[in-house]
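Accompanying notes for the structure given below.
Residue numbers (my numbering): 1 to 208.
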């Protein structure tokens with residue numbers, strides 16, 4: 001259950017997310033049930049994810065408990081959610097481990113992970129217009145170079161964010177360790193200078 005305080009900007013985010021979720025019909029997008037209004041709060045009710053987010057799973061289970069096969073499966077599920085959004089002309093704009101919910105770590109399940117949190121999403125008609133956005137939405141670690149540079153961006157920005165997310169999921173480690181990137185602006189500087197992550201976390205070469 002996601003909660004919003006009763007403030008104008010958060011209500012705008014809430015209305016945007018409800019509007020988006022109500023239209024989605026994909027098994028790789030978290031299912032929306034409704035909203036509950038209580039004093040000073042609005043709660044969004046979605047299906048229950050047993051393991052929380054991918055970020056939660058990475059914090060509470062070690063790499064041996066979540067093998068590479070299930071990690072690849074979760075990434076594949078999330079990619080299908082992103083593909084669904086993009087095929088419907090929607091940019092997520094905040095793809096990260098926190099926004100991928102994990103429902104099972106059993107490889108026999110059809111769906112193990114689903115995409116969530118659409119407060120930052122925007123509807124764009126990619127076929128009829130060349131509409132782009134310049135406002136920096138998202139989490140700095142996962143931001144594409146064009147967003148950090150405050151340039152126009154499209155679907156590729158989501159793909160970049162997903163790439164960093166995939167790196168963390170497959171390596172089961174932070175993409176930018178704090179010992180090397182003490183401040184967020186160090187990450188921004190690294191990315192804007194054209195540098196990219198190397199396979200230093202022992203991701204199998206056939207996957208990397």
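Positions of the beta carbon are idealized from the N, C-alpha and C atoms, including for glycine. Computed from a prediction, not measured in an experiment: that's the story for all the values here.
Alpha carbons only, please: which of 41, 23, 40, 39 is nearest the one belonging to residue 33?
For the purposes of this step, residue 33 is taken as the residue at position 33 of the chain shown. Closest by alpha carbon: 23.
With a Cβ-Cβ cutoff of 8 Å, do residue 165 and residue 183 count as a contact?
Mapped onto the chain shown, residue 165 falls at position 165. Mapped onto the chain shown, residue 183 falls at position 183. No, the pair does not count as a contact, with Cβ atoms beyond the cut-off.
Cβ of residue 54 within 8 Å of Cβ of residue 100?
Taking the first residue of the chain shown as 1, we reach residue 54 at position 54. Taking the first residue of the chain shown as 1, we reach residue 100 at position 100. Taking 8 Å as the Cβ cut-off, residue 54 and residue 100 qualify as a contacting pair.
For residue 38, count the other beta carbons within 10 Å of its own beta carbon; 16 or more makes it buried, fewer makes it exposed. Which is it?
Counting from 1 along the chain shown, the entry for residue 38 is found at position 38. By the 10 Å Cβ count, residue 38 comes out exposed.
If I follow the unbroken beta strand (DSSP E) through residue 38, where does it start and stop?
Position 38 of the chain shown, counted from the start, is the residue given in the question as residue 38. Start and end: 32-38.
In the structure shown, what three-state DSSP assignment does residue 134 receive?
Locating residue 134 in the chain shown gives position 134, where the first residue counts as 1. Confidence at residue 134 is low in this model, with a pLDDT of 47, below 50, so its placement is unreliable and the value that follows should be read with caution. In this structure, residue 134 counts as coil in the three-state DSSP scheme.
Under a three-way DSSP split, which group does residue 114 fall into?
By 1-based counting over the chain shown, the position of residue 114 is 114. If DSSP states are grouped into helix, strand and coil, residue 114 belongs with the strands.
Given that a residue counts as buried once 16 or more other Cβ atoms are within 10 Å of its Cβ, and exposed if not, what is residue 193?
Residue 193 sits at position 193 when you count from the first residue of the chain shown. So residue 193 counts as exposed.
Express the C-alpha separation of residue 156 and residue 145 in angstroms, rounding to a whole number.
Numbered from its first residue, the chain shown carries residue 145 at position 145. Numbered from its first residue, the chain shown carries residue 156 at position 156. Whole-angstrom Cα-Cα distance: 10 Å.
Could you check which residue in 66, 82, 114, 61 has the C-alpha nearest to that of residue 48?
Locating residue 48 in the chain shown gives position 48, where the first residue counts as 1. Comparing Cα-Cα distances from residue 48 to each of 66, 82, 114, 61, the minimum goes to 114.
So for residue 143, helix, strand or coil by DSSP?
Translated into positions along the chain shown, residue 143 becomes position 143. Coil.
Within the continuous alpha helix (DSSP H) that includes residue 29, where are the two ends?
In the chain shown, residue 29 corresponds to position 29, counting from 1. From DSSP, residue 29 is part of no alpha helix (DSSP H); its letter is neither H nor E.
By the 10 Å Cβ neighbour count, where 16 or more other Cβ atoms means buried, how is residue 12 classified, buried or exposed?
Residue numbering aside, residue 12 sits at position 12 when the chain shown is read from its first letter. Exposed, because fewer than 16 other Cβ atoms sit within 10 Å of the Cβ of residue 12.
Measure from the alpha carbon of residue 185 to the alpha carbon of each residue in 199, 27, 140, then state which is nearest.
The count along the chain shown starts at 1 and reaches residue 185 at position 185. Closest option to residue 185, Cα to Cα, is 140.
Can you round the beta-carbon distance between residue 167 and residue 197 to whole angstroms, since I take them to be within the 8 Å contact cut?
Along the chain shown, one-based indexing puts residue 167 at 167. Along the chain shown, one-based indexing puts residue 197 at 197. That belief holds up - the Cβ atoms of residue 167 and residue 197 are roughly 6 Å apart, short of 8 Å.
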